[in-house]
Structure formats: structure tokens, C-alpha cells
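Novice: Numbering (my numbering), first residue to last: 22 to 431.
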């Protein structure tokens with residue numbers, strides 16, 4: 022009997038040991054999943070959700086706006102939609118990866134990031150590497166085509182954020198103005214020959230925003246605005262005389278009256294058709310997928326002028342709703358910047374959010390002919406390639422800062 026009980030005891034002990042091992046293994050296997058959920062739970066959910074909402078709207082808008090154009094030019098109605106979804110998937114992966122990366126690495130590598138961006142922007146002029154389209158040499162072909170200027174925008178934000186964080190009280194001195202002028206001068210100087218006027222405009226606005234948020238004295242800010250005004254007047258006066266910027270001068274003339282018979286059938290066609298689309302939408306729109314202007318009237322409707330198709334199909338109500346989502350995203354981004362653990366991280370987030378806001382305002386202004394055509398895409402909504410991936414990676418950086426903020430506040 023003792024032997025029987027002893028055997029039972031041994032069996033019970035071995036079962037407990039096996040159960041313990043199995044439990045330990047199951048817990049070990051569960052740890053990565055639990056860790057994954059915890060990380061996602063730490064980022065700022067409102068910002069992440071708003072970003073994903075805009076991306077989702079973008080997929081629908083690209084599918085609707087590009088349908089006819091894709092069928093006519095590629096023989097596949099969903100050509101652009103499939104490509105866009107592919108880049109959205111890459112962008113989500115980039116956003117998630119960036120959200121896990123420690124934001125402090127950008128401060129350490131700020132000069133390197135800016136240097137690489139400058140080198141890439143110069144490389145577009147190297148035969149065999151640069152790609153020219155529509156008279157502009159803005160693309161670099163390294164197996165995939167992309168615009169280095171998209172990286173340059175982020176690089177300018179990083180170096181300006183680092184400078185302001187390190188300068189502290191010196192930021193209020195006159196010398197600080199020289200730094201910002203130097204950064205803007207180098208960046209714009211490389212973009213002028215491409216030519217890439219739209220990016221120069223964005224960089225000017227970005228640098229000014231970084232100066233304001235960095236704490237630069239208002240006297241120097243007004244001085245900077247004065248210099249920018251003088252430069253703008255000079256640029257406008259010489260645009261028609263510069264062969265590589267002649268198209269910019271033409272766009273400026275078209276802006277005053279796109280319906281002028283002199284321009285209507287040429288450069289005025291796109292802004293005029295955009296205005297027709299907005300007017301056709303009315304209050305409630307003609308219905309999703311029912312736009313007439315996208316059918317051969319608005320050139321490449323899935324790109325810069327996608328918002329005009331949205332206005333036609335979704336009307337004033339739909340357009341305002343999308344603008345409110347953008348406004349909520351910008352507000353939430355600024356909230357994250359305010360709660361950021363360091364000066365650098367706060368300025369980094371604020372700069373990225375300002376970039377999104379500036380591009381959104383400029384795009385909508387161009388589509389409504391409030392500003393001349395500049396070739397600026399609508400963030401998250403326009404058909405995108407690497408530019409969409411880079412922008413989503415920047416959104417991931419905002420989430421990274423929010424994750425660190427929450428951890429440090431607990």
C-alpha cells in the first residue's frame with residue numbers, strides 16, 4: 022500500500038511539475054503579445070485614431086477619384102488604389118516602428134539627418150540618379166523614386182528643435198536669427214534649381230513656426246518677416262525672367278483669372294475645373310463615386326486636387342467634416358507637444374504637426390484658388406508613394422513622444 026501511495030505521490034508530483042513547465046512556457050509565449058498590447062496602449066490613442074481615420078478617408082478618396090483616370094491610362098480601374106493601399110501598409114509599418122523608437126536619437130543624429138537630406142537633394146542633379154517630370158527635377162531614383170525634399174522638411178524640423186533646446190536663453194539674442202536664416206538659405210538654395218517652389222514655401226513657414234515656438238524675440242521675428250517679404254517681392258519680379266522658374270511665373274498669372282481665354286485651355290484648366298467641382302458639390306454633394314469633374318476634366322484627380330473631388334462628391338458638409346478631423350489632429354498633436362517630457366521633444370512634435378497643418382491649409386487654398394497652384398499634396402489623403410510613408414513615419418514619432426510622456430507621468 023505504501024508503494025502504491027508512493028507511486029501516486031510521485032505521479033502527482035510529476036503532473037504538478039509538468040503543469041508548472043507548461044504554464045511557464047505558455048506565459049513566456051504570451052509575453053510578446055502582452056507587451057505588444059501594452060505598448061500600443063501607451064501611445065496617444067486619439068492622435069493615432071485620427072491619423073488612421075484620415076488614412077482611411079484617403080483610401081476611399083483615391084479609389085473614387087482615380088477610377089476613370091486609371092482605366093483610361095493604365096487599363097485597370099484600381100491601379101492607383103492598389104498602389105496606394107500598398108504604400109498605406111508600408112506607412113502603417115513605418116508609423117508603428119517609429120512609435121517604438123526612442124525620440125532622443127533624432128537629437129543625437131540631427132546634424133547627420135540634415136546632412137543626408139542635403140546630399141540627397143543635391144543628388145537629383147546627378148545624371149542617372151535624378152528623375153525629371155513636368156520640367157522639374159525633384160525625384161531621386163534609387164530603385165524606388167522619391168522626393169528628397171520630403172526628408173528635408175523633417176531634417177529642418179529636427180535641427181531647429183535641437184538648436185532651440187540647446188540655446189535656451191541665447192535663443193532671444195540676435196545671433197539666433199543667423200542660424201535660422203542659414204538653415205533656410207541652404208535648404209531653399211538647393212531647391213530653387215529643381216525647381217521646387219512649393220517646398221520652399223513650406224520650409225519658410227516651418228522655420229518661422231519653429232522660431233516662434235522656440236522663443237525667438239518678437240523683434241527678430243518681425244525682422245525675419247520683413248526679410249521674407251522683400252525676398253518674396255524680388256522673387257515675384259524676377260520669376261518671368263528665370264527660365265527654370267518660368268512655370269511659377271505662369272501659375273501666378275493664372276491665379277488672378279484662371280477663366281481668362283489666354284490661360285483657360287492651358288495652365289488655367291486645372292484650377293478652373295477644380296472650382297467647377299467645388300461649385301457642383303453644393304451642400305450635400307453629388308454622392309460618393311458620382312463626380313463628373315474627375316472624368317477627364319481635372320488632370321490626375323487623385324493627386325494635389327483630390328480635395329476638389331471630395332468637395333464635389335461629399336459637398337460642403339463632407340469637406341467641413343474632413344477639415345474638422347484635420348483640426349482635431351493638429352490640436353491633439355499640440356497637446357502632445359505641450360505634455361512632452363523635454364523641450365526638444367515638444368518642439369519636434371510641434372514642428373511635425375505644423376508641417377501637417379501648413380500643407381493642409383496650402384493645399385485647400387490652392388484647390389479653392391485662394392493661392393496659386395503650388396503642387397502641394399493633401400496630407401494622408403492625396404495619392405502617395407514614399408511621401409505618404411515618410412509622413413506616416415513622422416506621425417509615429419509623435420506617438421513615440423506621447424508614449425514617453427505617459428510613461429514619465431505615471
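No residue lacks a Cβ here, since even glycine has one placed at the ideal position from N, Cα and C.
Bridge partners of residue 157, per DSSP?
Specialist: 154
Novice: How about the segment 402-416 and the segment 75-84: do they share at least three Cβ pairs that are nearer than 8 Å?
Specialist: yes
Novice: Flag this pair as yes or no: are the beta carbons of residue 315 and residue 89 separated by less than 8 Å?
Specialist: yes
Novice: Could you spell out where the alpha helix (DSSP H) holding residue 384 opens and where it closes?
Specialist: 364-388
Novice: In whole angstroms, give me the CA-to-CA distance for residue 236 and residue 138.
Specialist: Counting only the Cα atoms, residue 138 lies some 26 Å from residue 236.
Novice: With 16 as the cutoff for other CB atoms within 10 Å, does residue 325 come out buried or exposed?
Specialist: buried
Novice: Is DSSP giving residue 129 helix, strand or coil here?
Specialist: helix
Novice: What's the C-alpha gap between residue 372 and residue 182?
Specialist: 8 Å
Novice: What does the alpha-carbon distance come out to for the pair residue 140 and residue 334?
Specialist: Using only the alpha carbons, I get a separation of about 42 Å.
Novice: Please state whether DSSP places residue 286 in a helix, a strand or coil.
Specialist: coil
Novice: If we ignore side chains and look at the alpha-carbon of each, how far apart do residue 132 and residue 274 end up?
Specialist: For residue 132 and residue 274, the distance between alpha carbons rounds to 39 Å.
Novice: Which residues does DSSP list as the beta-bridge partners of residue 167?
Specialist: 161
Novice: Quick test of the definition: if touching needs 3 or more C-beta pairs under 8 Å, does the segment 290-310 touch the segment 335-355?
Specialist: yes
Novice: Can you tell me whether DSSP reads residue 397 as helix, strand or coil?
Specialist: coil
Novice: Report all residues from its chain with a CB closer than 7 Å to the CB of residue 115; omit the five preceding and five following residues, and keep chain order.
Specialist: 410, 413, 414, 417
Novice: Let me check understanding here. Comparing Cα to Cα, which of 330, 374, 329 lies closest to residue 349?
Specialist: 374
Novice: Where does residue 70 land, buried or exposed, given buried means 16+ other C-beta within 10 angstroms?
Specialist: Label assigned to residue 70: exposed.
Novice: Reducing DSSP to helix, strand and coil, say where residue 195 ends up.
Specialist: coil
Novice: Which word fits residue 95, buried or exposed, when buried means at least 16 other C-beta atoms lie within 10 angstroms of its C-beta?
Specialist: exposed
Novice: So what's residue 352 in DSSP terms, helix, strand or just coil?
Specialist: helix
Novice: In the structure shown, what three-state DSSP assignment does residue 57 receive?
Specialist: Caution is warranted here: a pLDDT of 42 is assigned to residue 57, below 50, making its placement in the model unreliable, and the coordinate value is therefore given only provisionally. It is helical.
Novice: Does the separation of the CB atoms of residue 150 and residue 162 fall below 8 Å?
Specialist: yes
Novice: With the cut-off set at 8 Å, would you say residue 351 and residue 370 are in Cβ contact?
Specialist: no
Novice: Leaving out the 5 sequence neighbours to the left and right, which residues in its chain are closer than 6 Å to residue 207 when beta-carbon positions are compared?
Specialist: For residue 207, where only same-chain residues beyond five positions count, there are no Cβ hits under 6 Å.
Novice: DSSP on residue 47, reduced to helix/strand/coil?
Specialist: Low confidence applies to residue 47: its pLDDT is 37, below 50, so where it sits in the model is not reliable, and the reading given next is rough at best. Helix, per DSSP.
Novice: Quick check: what's the CA-CA separation for residue 252 versus residue 381?
Specialist: 24 Å
Novice: With a CB to CB cut of under 6 Å and the five nearest residues on each side skipped, what residues in its chain are close to residue 367?
Specialist: 358, 361
Novice: Could you check where the alpha helix (DSSP H) with residue 105 kicks off and where it finishes?
Specialist: 100-121
Novice: Taking the alpha-carbon positions, what's the residue 38 to residue 84 distance?
Specialist: Interpretation of residue 38 is limited by its pLDDT of 45, a score under 50 that renders its predicted location unreliable; the figure taken from the coordinates is listed afterwards. Looking at the two C-alpha atoms, the distance is approximately 58 Å.
Novice: Which same chain residues end up closer than 7 Å to residue 97 when comparing Cβ atoms and leaving out the 5 residues on each side of it in sequence?
Specialist: 91
Novice: Which of the three DSSP states is assigned to residue 417 in this structure?
Specialist: helix
Novice: Going by C-alpha to C-alpha distance, which of 390, 211, 111, 299 sits closest to residue 279?
Specialist: 390
Novice: Our contact map puts residue 198 next to residue 241 with C-beta atoms below 8 Å; I'd like the distance itself, whole angstroms only.
Specialist: 5 Å
Novice: Output the distance between the C-alpha atoms of residue 283 and residue 230, rounded to the nearest integer angstrom.
Specialist: 38 Å
Novice: Can you name, in chain order, every residue of its own chain whose Cβ lies under 8 Å from the Cβ of residue 225, other than the five neighbours on each side?
Specialist: Here residue 225 has 205, 209, 249 as same chain residues with Cβ atoms under 8 Å from its own Cβ, once five neighbours each way along the sequence are excluded.
Novice: In terms of alpha-carbon separation, which member of 153, 331, 292 lies closest to residue 319?
Specialist: 292
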